[in-house]
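> Please see the structure below; I have some questions.
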Amino acid sequence: MLTGGIDIGSTMTKAVVMRDGEIAGSEITVTGAEHRRTAHLVMAAVLERVGLKLDDLDFIVGTGYGRLNIPFADRQITEITCHARGIGSLFPQAQTVIEIGGQDCKCIRVRDGKVTDFAMNEKCAAGTGRFLQIAADMMELTLDKMNELALNAREMVPISNYCAIFAQQEIISDLSLDIPADVILAGLFDSFARRLLKMAASLKVVREVVLTGGGSKHRALRAAVENILGYPVRLPAEPLLTGAYGAALLAAEQVQRAGRAGGTRKFAEVSVG
Amino acid sequence: MQDLKGLKRVETMLRTDRLARMKELKKEGRTVMGYMCCFVPLEMLTALDIAPFRLIGDCEEVTTEADKYLETIMCSFLRSAFDLAMKKTFDFADGVIFTHSCDSVVKTWEYWRYFAPNQFEWYINVPHIVKASSERFFTKELLRLQKALEAYTHKEMTNESLRKAIRLHNRNRQLMRNLNEFRKENPPRVSGAEMRKTLLACMSLPVEEANSLLEEVIAEVKARVPLAPPDRHRILLYGPEMDNDFVDLVEECGASVVIDDVCIGTRYYAKDVDWGIEPLDALNRRYLEQMVCPRVYRRPDENKLAPGETYERQDDLDLRLSYLRDYAEDWKADGAIMYLLRYCDSHEFDAPDVRDYLQEAKVPVLFLEGDYMVTKEQNKTRIQAFLEMLDA
Chain A
427 MLTGGIDIGS TMTKAVVMRD GEIAGSEITV TGAEHRRTAH LVMAAVLERV
477 GLKLDDLDFI VGTGYGRLNI PFADRQITEI TCHARGIGSL FPQAQTVIEI
527 GGQDCKCIRV RDGKVTDFAM NEKCAAGTGR FLQIAADMME LTLDKMNELA
577 LNAREMVPIS NYCAIFAQQE IISDLSLDIP ADVILAGLFD SFARRLLKMA
627 ASLKVVREVV LTGGGSKHRA LRAAVENILG YPVRLPAEPL LTGAYGAALL
677 AAEQVQRAGR AGGTRKFAEV SVG
Chain B
-18 MQDLKGLKRV ETMLRTDRLA RMKELKKEGR TVMGYMCCFV PLEMLTALDI
32 APFRLIGDCE EVTTEADKYL ETIMCSFLRS AFDLAMKKTF DFADGVIFTH
82 SCDSVVKTWE YWRYFAPNQF EWYINVPHIV KASSERFFTK ELLRLQKALE
132 AYTHKEMTNE SLRKAIRLHN RNRQLMRNLN EFRKENPPRV SGAEMRKTLL
182 ACMSLPVEEA NSLLEEVIAE VKARVPLAPP DRHRILLYGP EMDNDFVDLV
232 EECGASVVID DVCIGTRYYA KDVDWGIEPL DALNRRYLEQ MVCPRVYRRP
282 DENKLAPGET YERQDDLDLR LSYLRDYAED WKADGAIMYL LRYCDSHEFD
332 APDVRDYLQE AKVPVLFLEG DYMVTKEQNK TRIQAFLEML DA
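In the order they appear, the protein sequences are chains A and B. For the first sequence, my numbering assigns the number 427 to the initial residue and increments by one for each residue that follows. For the second sequence, my numbering assigns the number -18 to the initial residue and increments by one for each residue that follows.
The structure is reproduced here in structure tokens:
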């Protein structure tokens, strides 16, 4: 059975093709302004890599914030359900998933890969990858360097503002007080982690905790979360792909449910839900 | 417009000028008054032949004028309603009646009187706590309102006219409950969006006309087959003043809103005015003791405790919220969505209790917070994810 998952996020677009339960290929690209074009390009790239055509796929699930802009997707499923499914497959023991996306973040409670409760951040950039990008840009640091500095800092000054713009002003004011960059950055990651966990608190954070989404690639963020929780968290090998991977898994379930694999991608009659 | 019947008339009223009929009545010499919130005893207005209409905002009108005076930390519903007032939307009315719904309404009231004056302006101080002393206080408030309305209209509010009005409004609420019964069916024969719109239309008509409209809608609904497929999730909606299209959004996402606890909803029509007691006492009971709204605080009656017995949190929750469990059971809701207007402290304070209580009753809850003008996309993702969660 061949299925596809495609996840158009606010910042990155990801596609996964699966063959009989295994990932056959994947692709990650910048979302840009033209969702439909990006969707086509990213899927074409994966298919080329694995030597398949679109019609070879039995079912495609689209997810993410641009999920309605995927003309070739057979069904749309929200990224919350897809991340839960993807993480559930990678980490069967996972109970709490914290996904840090480019422009939002979410906490999902899962059981056997199924969502039992979830919370998402409000519409501002607080707690998102964008927030960290803004901080890196203003301090003229690469994301990698920023993490390295924060991880090696011996002390920190807290950032009290959640709003990305106010936090930026706070950093400027700290810099003007000659506070070293590493001390500021350690505080920044700490506040960021607290912000995430505060959002998650209404759902109760239960082990195993898995971080995912592009933002979870910040090593200093993971360290800050572990420091606050007091235990290690898990991280997938490629956190950007868990949504698309979950989508491809859900696509396979759709096919199984419809009881027919192989052939062309004509599944108008596949039951929903 | 009166040639149109039932749901067609409802749609047309809301799409054009909701208050067109009120303006017409005003031209014909009828006294018309706007009222804020569910706490105004409309029976007293009807008894004096005053036509009451509900003051609401407009989701499609950008709030501009109100922001000159109201802080953006006030709820967006109230700011929108005040904005309309400042834009002279309610100027045609003879009067407006406010109540002590919440602190924001009280403060807005002062601005409203100043910037959007009407001939008759009245404020009913509704107690926040239900006990004997507040009932005595509220009786006096009702008497004050009676005297003021009588003086304004130069008419007398007799026991007979009040009883007649109570009968009409009880009929009104009974018809609304009858319509709501169709939502118990699976699939519901009337949608949440249709229910919301019908209620809004009724709150923009004098009660006799609202009753005729309701009869038409009920006949129409009764005669038709259900619109939605039978496998949709059945949602209980909890929230404040929800005349906006949030219900419609939930239904667009593929669920049916089958029961609600919102102001343009059951809070308006769930309880009748008691017929067997003195009219003013009955109004007192209906608009204070029986009112379901988080701004009213009630505690278990401590006089009924045995010595040494105490009330636990669960007793308190049961007393205040058991109706929600009944709603979920009777209308077979398999999920609840709470949509709170940001900065509505009355509801925000109660929200954790409501959420816990529903979850305890095995009703999964989606908690959302937002504005009167509903942002579609962000909420859609959350609602769809919640429905997918109920699927699994």
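Every residue gets a Cβ at the ideal spot worked out from N, C-alpha and C, and that includes glycine. Because the structure is a prediction, the values reported are computed rather than measured.
For His135 (chain B), count neighbouring Cβ atoms within 10 angstroms of its own Cβ and tell me buried if that reaches 16, exposed if not.
exposed
> Please report whether the beta-carbon of Ala401 (chain B) lies at a distance below 9 Å from any beta-carbon of chain A.
Shown here, chain B extends from -18 to 373; a query on residue 401 (chain B) therefore has no answer.
> Need the endpoints of the beta strand (DSSP E) that Gly351 (chain B) sits in, please.
Val346 to Gly351
> Sorted by chain position, which residues of the same chain lie with C-beta nearer than 6 Å to Gly641 (chain A)'s C-beta, five sequence neighbours on each side aside?
Ile526 and Gly555
> Along the stretch 599 to 627 of chain A, where does the CB come closer than 7 Å to a CB of chain B? Name the residues.
Hits within the stretch: zero.
> Cβ of Gln359 (chain B) less than 9 Å from any chain A Cβ?
At least one CB of chain A lies nearer than 9 Å to the CB of Gln359 (chain B).
> Less than 9 Å separating the beta-carbons of Ala593 (chain A) and Ser628 (chain A)?
no
> So, are the CB atoms of Asn408 (chain B) and Arg152 (chain B) less than 9 Å apart?
Since the first and last residues shown for chain B are -18 and 373, residue 408 (chain B) lies out of range.
> Report yes if the C-beta distance between Ser237 (chain B) and Pro345 (chain B) is below 9 Å; otherwise report no.
no
> Sorted by chain position, which residues of the same chain lie with C-beta nearer than 8 Å to Gln365 (chain B)'s C-beta, five sequence neighbours on each side aside?
Cys234 and Gly235
> Just to confirm, is the Cβ distance from Tyr491 (chain A) to Ile434 (chain A) under 9 Å?
Yes, these two residues count as a Cβ contact at 9 Å.
> Under a Cβ-count criterion, where at least 16 other Cβ atoms within 10 Å of its own Cβ denotes burial, should Arg511 (chain A) be classed as buried or exposed?
buried
> Contact defined as beta carbons within less than 8 Å: I believe Ala342 (chain B) pairs with Ala309 (chain B). What is the distance between those atoms, to the nearest angstrom?
6 Å
> Looking at C-alpha atoms only, which residue of B:Lys112, B:Phe227, B:Lys49 and B:Tyr249 is the closest neighbour of Thr89 (chain B)?
B:Lys49
> Name, please, each residue of chain B whose Cβ falls closer than 9 Å to the Cβ of Met546 (chain A).
Gln359, Thr362, Arg363 and Ala366
> Rounded to a whole number of angstroms, what is the C-alpha to C-alpha distance between Glu17 (chain B) and Ile78 (chain B)?
Checking the displayed sequence, the identity of residue 17 (chain B) turns out to be Met instead of Glu. Met17 (chain B) and Ile78 (chain B): Cα-Cα distance of roughly 6 Å.
> Could you give the DSSP three-state label for Pro333 (chain B): helix, strand or coil?
helix
> Using beta carbons (cut-off 9 Å, strictly below), is Thr568 (chain A) in contact with chain B?
no
> Would you mind stating whether Ala552 (chain A) and Ala576 (chain A) have Cβ atoms separated by less than 9 Å?
no
> Between Arg475 (chain A) and the rest of its own chain, which residues show a CB-CB distance below 8 Å, the 5 nearest in sequence each way excluded?
Cβ within range, chain order: Gly451 and Glu453.
> Does the CB of Pro211 (chain B) have a neighbour CB from chain A at under 9 Å?
no
> Is it true that the CB of Leu194 (chain B) sits closer than 9 Å to the CB of Ala182 (chain B)?
yes
> In whole angstroms, what separates the C-alpha of Thr120 (chain B) from that of Asp543 (chain A)?
46 Å
> Determine contact between the stretch 93 to 100 of chain B and the stretch 69 to 78 of chain B, defined as no fewer than three beta-carbon pairs at a distance below 8 Å.
yes
> In angstroms, rounded to a whole number, what distance separates the CA positions of Gly477 (chain A) and Cys531 (chain A)?
35 Å
> DSSP puts Phe485 (chain A) in a beta bridge; with which residues?
Paired residue(s): A:Thr429.
> Thinking just about the alpha-carbon of each residue, which of B:Thr12, B:Leu264 and B:Leu65 is nearest to the one in Gln100 (chain B)?
B:Thr12
> Helix or strand or just coil, what does DSSP make of Phe79 (chain B)?
strand
> Quick check: the stretch 42 to 58 of chain B against the stretch 296 to 309 of chain B, are at least 3 beta-carbon pairs closer than 8 Å?
no
> Taking the alpha carbon of Gln682 (chain A) as the point to measure from, which residue in A:Leu601, A:Gly447 and A:Ala499 has its own alpha carbon closest?
Gln682 (chain A) has its Cα closest to that of A:Gly447, out of A:Leu601, A:Gly447 and A:Ala499.
> Closer than 7 Å by beta-carbon distance: list the chain B residues that pair up with Lys540 (chain A), in chain order.
Ala373
> Out of B:Arg(-1), B:Leu368 and B:Thr53, state which residue places its alpha-carbon closest to the alpha-carbon of Glu232 (chain B).
B:Leu368
> When the distance is taken between beta carbons, is His81 (chain B) closer than 9 Å to Val107 (chain B)?
Annotated as proximal: Val107 (chain B) and His81 (chain B), with beta-carbon spacing under 9 Å.
> Kindly indicate which residue of B:Val335, B:Glu350, B:Tyr338 and B:Pro288 has the alpha-carbon position closest to the one of Arg323 (chain B).
B:Glu350
> I'd like to confirm the pairing. Which residues does DSSP put opposite Trp103 (chain B) in its beta bridges?
B:Ile78
> For the alpha helix (DSSP H) that contains Pro260 (chain B), what are its first and last residues?
Pro260 to Asn265
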